[in-house]
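In what follows, a single structure is set out as C-alpha cells and then discussed.
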Amino acid sequence: MPDEPLPPVPVTDSGPGSTPVPTKPIVTYSTPIPTQTPEEKPTYSVPPPETDPKSNYRIVYSEKTTYNYNVIPFDYKLQYPPMIVEYSATVPTVTDKKTGTSEYGSKEEYSINVVRPNPRANFKITVYNKENDEEVYVENIEKFSEEKIKGSFKIYSAGDYHIELTGNIATVTTTIKVPPENIIEVNA
Numbered sequence: 002m003p004d005e006p007l008p009p010v011p012v013t014d015s016g017p018g019s020t021p022v023p024t025k026p027i028v029t030y031s032t033p034i035p036t037q038t039p040e041e042k043p044t045y046s047v048p049p050p051e052t053d054p055k056s057n058y059r060i061v062y063s064e065k066t067t068y069n070y071n072v073i074p075f076d077y078k079l080q081y082p083p084m085i086v087e088y089s090a091t092v093p094t095v096t097d098k099k100t101g102t103s104e105y106g107s108k109e110e111y112s113i114n115v116v117r118p119n120p121r122a123n124f125k126i127t128v129y130n131k132e133n134d135e136e137v138y139v140e141n142i143e144k145f146s147e148e149k150i151k152g153s154f155k156i157y158s159a160g161d162y163h164i165e166l167t168g169n170i171a172t173v174t175t176t177i178k179v180p181p182e183n184i185i186e187v188n189a
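Here you go:
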C-alpha cells in the first residue's frame with residue numbers, strides 16, 4: 002500500500018506560514034490512568050536510524066493550552082513508528098528583590114531584582130501502553146529553568162498508546178506527528 006496516494010485530509014488553514022491542522026479529530030479523548038509506582042526495569046535498545054527530516058509527517062494532535070492543574074488525556078494507535086512529540090512551553094516570571102549592605106567604601110545599602118520563572122510552574126507528558134497501563138515514556142519538567150523551553154522526543158515502537166498532558170502555570174503548545182501510513186490505516 003505505500004505506492005498508493007494519500008487520501009486528502011480536511012485541514013484548517015490558519016494563514017500564511019502556518020502549519021495546516023486536520024479539522025477532523027484523529028485522537029480520541031479519554032480518562033486519565035491512575036499513576037502507579039513504577040517498577041525499575043532497565044531496558045536497552047538501539048533506536049532506528051534517523052529518517053529524512055523533510056519527510057511528510059502528518060499532525061494528529063496540535064493544541065496550545067494554558068495549564069492550571071489540569072490533565073488532557075487521549076489515545077492514539079501507532080501502527081507505523083515513529084511518533085514525534087514536540088512541545089514549546091512558556092511560564093510567567095516572578096521578581097525577587099534582594100537587598101544587602103556593601104562591604105566596601107561607605108557601606109551603602111543596595112538592592113537587586115532577580116527575575117526567574119515561577120517556581121510553581123511545571124509540565125509533564127506521559128505516554129502509557131494502553132494494554133497494560135505501563136509508562137512507555139515520561140517527559141517531566143518539574144521546575145522550569147528558563148521562561149521558555151522547547152523539547153521533543155520520539156516513540157519508536159508501534160502500539161496502542163494513552164497520552165496524558167498535565168501541568169500548572171504554564172502555556173504549552175504540544176504537537177504530535179506520525180508517518181502518513183498511520184492516517185491511511187485509521188481511515189481504512
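Just so we're on the same page, the working numbering is the position in the sequence shown counted from 1, plus 1. Ideal placement from N, C-alpha and C gives every residue a C-beta, glycine not left out.
Give me the residue from the options with the minimum Cα distance to residue i.
i: GLU165; options: LYS151, GLU140, PRO180; result: GLU140
i: VAL179; options: VAL72, PRO74, GLN80; result: GLN80
i: ARG117; options: GLU148, GLU110, LYS131, GLU136; result: GLU148
i: ILE150; options: PHE124, GLY101, GLU182; result: PHE124
i: ASN183; options: GLY168, GLY160, SER103, TYR138; result: GLY160
i: GLU143; options: ALA90, PRO74, ARG59, ILE73; result: ALA90
i: SER146; options: ASP76, THR94, VAL86; result: THR94
i: THR32; options: ILE60, SER63, PRO74, GLU109; result: PRO74
i: LYS99; options: TYR111, TYR105, VAL92; result: TYR111
i: VAL129; options: VAL61, SER107, ASP76, SER103; result: Rather than Val, the amino acid found at residue 129 in this sequence is Tyr. Nearest C-alpha to TYR129: ASP76.
Take the Cβ of residue i as the centre, count every other Cβ of all protein chains shown within 10 Å, and call the residue buried at 16 or more, exposed below.
i: ILE113; result: exposed
i: ALA189; result: With a pLDDT of 43 at ALA189, under the threshold of 50, the modelled position of that residue is not reliable, and no figure is offered here.
i: VAL86; result: buried
i: ILE177; result: buried
i: THR127; result: buried
i: GLY168; result: buried
i: GLU186; result: At GLU186, the pLDDT of 42 sits below 50, so the modelled position is not reliable; the number obtained from the coordinates is stated separately. By the 10 Å Cβ count, GLU186 comes out exposed.
i: TYR105; result: exposed
i: TYR30; result: exposed
i: ARG121; result: exposed
i: VAL115; result: exposed
i: VAL61; result: buried
i: VAL72; result: exposed
Can you tell me where the beta strand (DSSP E) with residue i in it begins and where it stops?
i: PHE145; result: Unbroken run through PHE145: none, as it is neither H nor E.
i: ALA171; result: 160–179
i: SER31; result: Where SER31 is concerned, there is no enclosing beta strand (DSSP E), given that its DSSP letter is neither H nor E.
i: PRO74; result: 59–79
i: VAL86; result: 84–91
* Does the segment 67–83 come close enough to the segment 151–158 that 3 or more CB-CB pairs lie under 8 Å? -> yes
* **At least 3 beta-carbon pairs within less than 8 Å: the segment 163–177 vs the segment 67–75** => yes
* **Completely contained beta strand (DSSP E) runs for the segment 102–139, where each covers 3 or more residues** => 110–118, 123–130
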